[in-house]
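Student: Chains as they are written, first to last, in this note's numbering: chain A, 3 to 353; chain B, 426 to 722.
Structure incoming, see below.
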């Protein structure tokens, strides 16, 4: 059972790695963005699928990673002493002090994961150590997403406001518009997806993974056995926020912009539907569903913008009520049914 | 003296905001206390009430229209809420987080439906002319609309409290709230109580929608702007407690109003959220929580 799955995954990775040879740069860029979203989806599998923690505010961490890199990109394109154009328009004379460190590429790169990680660790510890969880936690994370997006929009001079940060030219000295950059960034993203997937698969198989599932299935029983669930929940939440930050930074590179429209309440909750469709506990399902839903969104909302919200609404209702196992659950069921057919009986018995 | 006027004025603004938060949160708190589920489409029940008010006042202008709009919006939103409970929420109530997601889907569909029917811009409700007046209380100017909404919130709160404490159905609701299994064993039809409470809460949301329609245009997303603070009120109030939610709404309304003296609206929003997070450091069970030895409450 194990090896055919492994073979299929290797084949899929090989096909994905070869994709730039056939796809045009527009399509490749699109796929890259959605693959970046897949990294975030993997993090949600860890907290929601494994630990049963629903976050409706992962846009915040996606945004923190995206903005951290975008600030560096914005600064690196400037002559010494210059400040970004939107700051000039808003009447700012000097760079805000908290922009300064992002001139340093190493600081910016570390911030991409460290900043969301830090925010997530402090926030989740404050909530979890008082044993506030479940629905309460989901509602508080949603309020966080709303507050973050509103703050970004209102502080126009320092954040670029509603338009966000755009028009990047160079990345660590390399021209972002040069030929081959799209391709390289695609491979980097693909490697990140695979790396994150392997990391989470390993974590899941470890004792840490077992304890997360214990949190999900019976937090109080876990306490009775002498474990304090808080550190495990905080660690998982922080790791998933770091993955979201990485996803945000990669997305910013592919899209050439980051804006409050990507981080607020609505985008944050849409991130959950990818994982719900993929099948909450399935890492592969999450990446595949992130790709599929975003592709569908891209096609439907450009052709029939009105239809998309109906489709999305129906997806939320339908997946949750009719197929809580998602695509992965459906696939498993299908495989079980196939095995149940007469011709497969002997083989299944042998396995 | 100026400072006192400012403090009193912001105090009134805070209570005015609190009255809207409370009207929006009351229905959520009622059904959360009973079923432990949050209806993410609650904001759209507000919106629905707002559109009902728009249609009624368009047909019957003036004060009569407004008086007619209140029961119409209550009934309309209550029916919509009851339909939602009977078709979707009842099936999912054992899985509270899934209920959040499914009702979010409902909220998206309702928003888009409103956009298709009434357009994305929003519609203006023509309030009766006398509502543009203001009451002058010493140096303070209190807009009549705000006073009426405050009065509405107090009346609704009083009505719900009376219903819960003085009627037979209220007795049954409190019984299910305290111990669902025991109430069911004693012969209470808990499913019907769920449905009735959910419809009542939705109806209150409809009334809140009428209140919102007096303050600004009714848009497809009007509910969204009040729903997140309403969620925070429920979190802070404590397990669907009505008294707790009232206290929480007043605290959050006042904090938001006074914070706006020093910072802009968006930062005030962050302040309110931080306050809630700080608050649960000290009282994770909320302002008022029923005493219970239950482990998983």
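By construction, the Cβ of each residue, glycine as well, lies at the ideal position given by its N, Cα and C atoms.
1. If we call anything under 8 angstroms between Cβ atoms a contact, is residue 187 of chain A one with residue 34 of chain A?
2. Measuring only between beta-carbons, confirm whether residue 90 of chain A sits less than 8 angstroms from chain B.
3. In terms of residue numbering, what span does the beta strand (DSSP E) encompassing residue 568 of chain B cover?
4. Using DSSP with H/G/I as helix, E/B as strand and the rest coil, what is residue 177 of chain A?
5. Can a CB atom of chain A be found closer than 8 angstroms to the CB of residue 516 of chain B?
6. Would you kindly work out how many angstroms separate the C-alpha atoms of residue 39 of chain A and residue 295 of chain A, rounded to a whole number?
7. How far does the alpha helix (DSSP H) with residue 190 of chain A in it extend, from its first residue to its last?
8. Go ahead and label residue 690 of chain B buried or exposed: buried means 16 or more other beta carbons lie within 10 angstroms of its beta carbon, across all protein chains shown.
9. Counting only the same chain and skipping the five closest in sequence on each side, list residues whose C-beta sits under 7 angstroms from that of residue 434 of chain B.
10. Does the beta-carbon of residue 464 of chain B have 16 or more other beta-carbons within 10 angstroms, so that it is buried, or is it exposed?
11. Where do the ends of the alpha helix (DSSP H) carrying residue 500 of chain B lie?
12. I'd like the span of the alpha helix (DSSP H) that includes residue 449 of chain B, first residue to last.
13. Looking only at its chain, what residues have a beta carbon closer than 8 angstroms to the beta carbon of residue 58 of chain A, apart from the 5 residues adjacent to it on each side?
14. Starting from the beta carbon of residue 326 of chain A, find every residue of chain B whose beta carbon is closer than 9 angstroms, and list them in chain order.
15. Helix, strand or coil: how does DSSP classify residue 561 of chain B here?
16. Can at least three beta-carbon pairs, one atom from the segment 467-475 of chain B and one from the segment 636-654 of chain B, be found at a separation below 8 angstroms?
17. Counting only Cβ pairs nearer than 8 angstroms, list the residues of chain A close to residue 513 of chain B.
18. So does the segment 79-95 of chain A actually touch the segment 160-180 of chain A, counting three or more Cβ pairs closer than 8 angstroms?
19. How far does the alpha helix (DSSP H) with residue 723 of chain B in it extend, from its first residue to its last?
20. Is DSSP giving residue 690 of chain B helix, strand or coil here?
21. DSSP state of residue 712 of chain B, grouped into three classes?
22. When you compare only the Cα positions, how much space is there between residue 112 of chain A and residue 201 of chain A?
23. Pick from A:291, A:165 and A:219: whose alpha carbon is nearest that of residue 258 of chain A?
24. May I ask you to list the residues that DSSP assigns as paired with residue 548 of chain B?
25. Would you decide whether residue 262 of chain A is buried or exposed? Buried here means 16 or more other CB atoms lie within 10 Å of its CB.
26. Within 8 angstroms, do at least three Cβ pairs link the segment 445-464 of chain B to the segment 654-667 of chain B?
27. Take the Cβ of residue 483 of chain B as the centre, count every other Cβ of all protein chains shown within 10 Å, and call the residue buried at 16 or more, exposed below.
28. Could you say if the segment 436-447 of chain B and the segment 682-689 of chain B meet the contact criterion of at least three C-beta pairs nearer than 8 angstroms?
29. DSSP three-state call for residue 259 of chain A: helix, strand or coil?
30. Give the secondary structure of residue 254 of chain A by DSSP, where H, G and I count as helix, E and B as strand, and everything else as coil.
31. Exposed or buried, what is residue 479 of chain B when buried is set at 16 or more other beta-carbons lying within 10 Å of its beta-carbon?
32. Starting from residue 335 of chain A and walking both ways along the alpha helix (DSSP H), at which residues does that stretch end?
33. If we cut at 8 angstroms on Cβ distances, does residue 302 of chain A have a partner in chain B?
34. With a cut-off of 8 angstroms, does the C-beta of residue 141 of chain A fall near any C-beta of chain B?
35. Run through DSSP, which three-state label would residue 167 of chain A get?
36. Just by C-beta distance, which residues in the segment 585-609 of chain B are closer than 8 angstroms to chain A?
Tutor: Taking the coordinates as given:
1. yes
2. no
3. 565-568
4. strand
5. yes
6. 11 angstroms
7. 183-207
8. exposed
9. 565
10. buried
11. 488-509
12. 427-460
13. 140, 141, 143, 144, 147, 267, 270, 271 and 274
14. 520 and 523
15. strand
16. yes
17. 319 and 323
18. yes
19. Not covered by the structure: residue 723 of chain B. The range shown for chain B is 426 to 722.
20. helix
21. coil
22. 19 angstroms
23. A:165
24. B:643
25. buried
26. yes
27. exposed
28. yes
29. strand
30. helix
31. buried
32. 328-342
33. no
34. yes
35. strand
36. none
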